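Undergrad:
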Amino acid sequence: MELIITKNSQEMARKATRIIANLVKNKPKAVLGLATGRTMIPVYKELVKIARKEKIDFSKITTFNVDDYLGLSAKNPASHAYYMNKHFFSKANINKKNTHLPDKNIKSYGKLIKKAGGIDLQLLGIGRNGHIGYNEPGQGSTLNSKDRKIKLTENTRKANSGAFPSLSKVPKYAVTLGISTILKAREILLLANGKHKADAIAKAVKGKISSKNPASFLRKHKNCLFIVDREAGGKL
Ligand code: GLP
Numbered sequence: 049m050e051l052i053i054t055k056n057s058q059e060m061a062r063k064a065t066r067i068i069a070n071l072v073k074n075k076p077k078a079v080l081g082l083a084t085g086r087t088m089i090p091v092y093k094e095l096v097k098i099a100r101k102e103k104i105d106f107s108k109i110t111t112f113n114v115d116d117y118l119g120l121s122a123k124n125p126a127s128h129a130y131y132m133n134k135h136f137f138s139k140a141n142i143n144k145k146n147t148h149l150p151d152k153n154i155k156s157y158g159k160l161i162k163k164a165g166g167i168d169l170q171l172l173g174i175g176r177n178g179h180i181g182y183n184e185p186g187q188g189s190t191l192n193s194k195d196r197k198i199k200l201t202e203n204t205r206k207a208n209s210g211a212f213p214s215l216s217k218v219p220k221y222a223v224t225l226g227i228s229t230i231l232k233a234r235e236i237l238l239l240a241n242g243k244h245k246a247d248a249i250a251k252a253v254k255g256k257i258s259s260k261n262p263a264s265f266l267r268k269h270k271n272c273l274f275i276v277d278r279e280a281g282g283k284l
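Numbering-wise (the working numbering), the sequence shown opens with residue 49 and increments by one.
1. Going by the beta-carbon positions, is the gap between T110 and V72 smaller than 8 Å?
2. For Q58, does the three-state DSSP call read helix, strand or coil?
3. Do D277 and T229 have their C-beta atoms within less than 8 Å of each other?
4. For the stretch 228-257, which segments carrying the alpha helix (DSSP H) assignment without a break, of at least 4 residues, lie completely within its bounds, in sequence order?
5. With a threshold of 6 Å on Cβ separation, who are the neighbours of K187 within its own chain once the five nearest residues in sequence on each side are excluded?
6. Only counting runs of 3 or more residues, tell me where the beta strand (DSSP E) segments fall wholly within the stretch 74-132, in order along the chain.
7. In angstroms, rounded to a whole number, what distance separates the CA positions of D115 and Y182?
8. So for H179, helix, strand or coil by DSSP?
9. How long is the line joining the alpha carbons of H128 and P150, rounded to whole angstroms?
10. Between which two residues does the beta strand (DSSP E) holding T224 run?
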């Protein structure tokens, strides 16, 4: 695992964007594993900007999102599907047919990824509790965990409640790629910014490798890069 600490979140986003843009330039049919959350908003914004400026063609990429809430329609502004459309798919020249979000058919999601040739680069955020995708601590989030339905912790529901009218409207369940699928990506890029992520980053980088600390499993991957800003790296 490698680590880059940037001076702020803009620089974190710029560095991440450069890596994604270069991949698509070199491999126009790249398969990208995508993530949502506040951390990724500047990344997609910058990616759309660079794509226009450098005339990068996104029309042949295939995408698979790492997670989504269970039971929210893509029309619901709080769904990950809606987020992806708003921040990325509708703004870059992306073929919507080649984009995928997990849903109740999560058990067959892995087959689609395999058929597409596997994920070249998996982009990840991190939860305050160390979750990656929605692999919540405990909850079967072992090294061998499969793509599955998962019960969200109350902490995660609270952390994500800003996108909903009230906490009670935050779904109780989500679907996520399992740790074993995430680790199959050829390259992994985890991003974090802000003080509220400092504990999670410190535990991911130097804590015990355990299902109680799902992001720690990324240390088992051969080609994994963490890009975090100074605040998120504040406890390293
Ligand atoms: C969310 C998502 C993750 C995301 C993480 C960080 O709950 N399930 O995929 O990476 O938590 O979100 P944020 O960037 O808003 O802090």
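Positions of the beta carbon are idealized from the N, C-alpha and C atoms, including for glycine. Since the model is a prediction, treat every value here as computed from it, not as a measurement.
TA: On the basis of the coordinates in this document:
1. no
2. helix
3. no
4. 246-254
5. It is Gln, not Lys, that sits at residue 187 in the sequence shown. Closer than 6 Å at Cβ, skipping near neighbours: I198.
6. 79-82, 110-113, 115-117
7. 6 Å
8. coil
9. 10 Å
10. 221-224
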